[in-house]
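In what follows, a single structure is set out as structure tokens and then discussed.
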Amino acid sequence: MRIIKATLEHLDLLTPLFVKYREFYGELPYPDTSRTFLEKRLKRGESVIYLAMPVDDDSKLLGFCQLYPSFSSLSLKRVWILNDIYVAEDSRRMLVADHLMREAKKMARETNAVRMRVSTSSGNEVARKTYESIGFRKDTEFENYVLPISLE
1 MRIIKATLEH LDLLTPLFVK YREFYGELPY PDTSRTFLEK RLKRGESVIY
51 LAMPVDDDSK LLGFCQLYPS FSSLSLKRVW ILNDIYVAED SRRMLVADHL
101 MREAKKMARE TNAVRMRVST SSGNEVARKT YESIGFRKDT EFENYVLPIS
151 LE
């Protein structure tokens, strides 16, 4: 397999798998809105998306990951948030996620980041084991909280 950085030319290939990722987490599909969301991230340079593809097939997507830049005020350095990662159902157990995360880690090093962050649902044991296998550690120093912002 090969890992490439997504461009606008990959939107039609990426969108259906991104929709499946959203559905995996219980969201409604919204394919048009999903495509627009991805298009904006790429056009504005607001995220980095890596695609896993077979060596000899430009029309098949095995998986993807999307990272967002952030910063650490304490270390005065860049942080990358591995926000989305998903592997197509027929491509699982092929180390696709490992290859994607290794490319993300390489990019983080090249951009002098101090760390990468990732979150997953507490019941997603496969994801947790995969993250730990490439070096992610559970944060024992800081608790994470979420403040939902309603549209009311």
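The numbers in UniProt numbering rise by one with no breaks, and the one at position 125 of the sequence shown is 125.
Glycine residues also receive a C-beta, built at the ideal position from the N, C-alpha and C atoms.
- In this structure Leu-61 does not touch Leu-8 by the C-beta definition: roughly 15 angstroms separates them, more than the 8 angstroms allowed.
- The straight-line gap separating the alpha-carbon atoms of Phe-37 and Lys-20 is approximately 15 angstroms.
- In the three-state scheme derived from DSSP, where H, G and I count as helix and E and B as strand, Asp-84 is classed as strand.
- Taken through DSSP and simplified to helix, strand or coil, Phe-64 comes out as strand.
- Secondary structure of Pro-54 (DSSP, three-state): coil.
- When secondary structure is reduced to three states using DSSP, Pro-16 falls in the helix class.
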